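One structure below.
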Amino acid sequence: MALSTQTMTDEQRKSVALEYLKAFDNGGVTSGGGGILDLFAEDAQACFPKWGLANGKAEIGKLFGDVGGTIRAIRHDYATFNWIFSGSDTVVVEGTSYGEHQDGPWRAGVPDWGAGRWCDVFEIRDWKIQRVFVYLDPDYAGKDTARYPWLAKA
1325 MALSTQTMTD EQRKSVALEY LKAFDNGGVT SGGGGILDLF AEDAQACFPK
1375 WGLANGKAEI GKLFGDVGGT IRAIRHDYAT FNWIFSGSDT VVVEGTSYGE
1425 HQDGPWRAGV PDWGAGRWCD VFEIRDWKIQ RVFVYLDPDY AGKDTARYPW
1475 LAKA
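Mapping to this note's numbering: the sequence shown position 37 is 1361, numbers consecutive.
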């Protein structure tokens, strides 16, 4: 991991995290026209449920390709985000989303137990994401009823 050379404010870290989320909503393209991987440090880490830990940009690209290949469209509800700042490089954001997965649509709160609620934990230094761990239910379409029988009754 590279040594930190630039001091960033919480608002600057927030702007990097927002750019990351907006790039997902824009098919992996940032507002400047670059790719989402441009937002990451070379030795960054990312973790996604049911995929695991990705080390470095190449593995993160594979993670995003695998997961993104199952999602036809996604939108994050920016107006309702809850931001938590630690006073260090860590930024936590929880929010909701909606979209279309290959197995069907999802929207946070419809049904209440369904997909769409998520939390991301970032470490951001030198205008680059050093680490992002994503916490959500990857069963976007709510089809995992064999393992969770109460869902079939909902």
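For every residue, glycine included, the Cβ atom is placed at its ideal position computed from N, Cα and C.
All values reported here derive from a predicted model rather than from experimental measurement.
- Taking 8 Å as the upper bound for CB-CB distance, aspartate 1463 and alanine 1439 are in contact here, some 6 Å apart.
- Cβ-Cβ separation between lysine 1381 and alanine 1368: approximately 7 Å, consistent with a contact (criterion under 8 Å).
- Pairwise C-beta distances place the region 1441-1458 in contact with the region 1401-1415, as three or more of them are shorter than 8 Å.
- Contact check between the region 1336-1349 and the region 1393-1409: three or more CB pairs, one atom from each, fall below 8 Å, which counts as touching.
- Around the beta carbon of aspartate 1444, 16 or more other beta carbons lie within 10 angstroms, which makes this residue buried.
- The Cβ atoms of aspartate 1427 and alanine 1365 do not sit closer than 7 Å to each other.
- The alpha-carbon of glycine 1433 is positioned some 10 Å away from that of tyrosine 1422.
- Per DSSP, reduced to three states, the secondary structure at lysine 1452 is strand.
- Around the beta carbon of arginine 1471, a 10 Å sphere encloses fewer than 16 other beta carbons of the protein chains shown; the residue is thus reported as exposed.
- Here valine 1340 is near isoleucine 1448, since their CB atoms are less than 7 Å apart.
- Considering only Trp1451, Trp1437 and Asp1461, the residue with the shortest C-alpha distance to tryptophan 1474 is Trp1437.
- The alpha carbon of leucine 1345 has as its nearest neighbour, out of Phe1388, Thr1333, Gly1393 and Pro1373, the alpha carbon of Phe1388.
- Of the candidates Ser1410, Asp1390 and Pro1429, the residue whose Cα lies closest to the Cα of aspartate 1334 is Ser1410.
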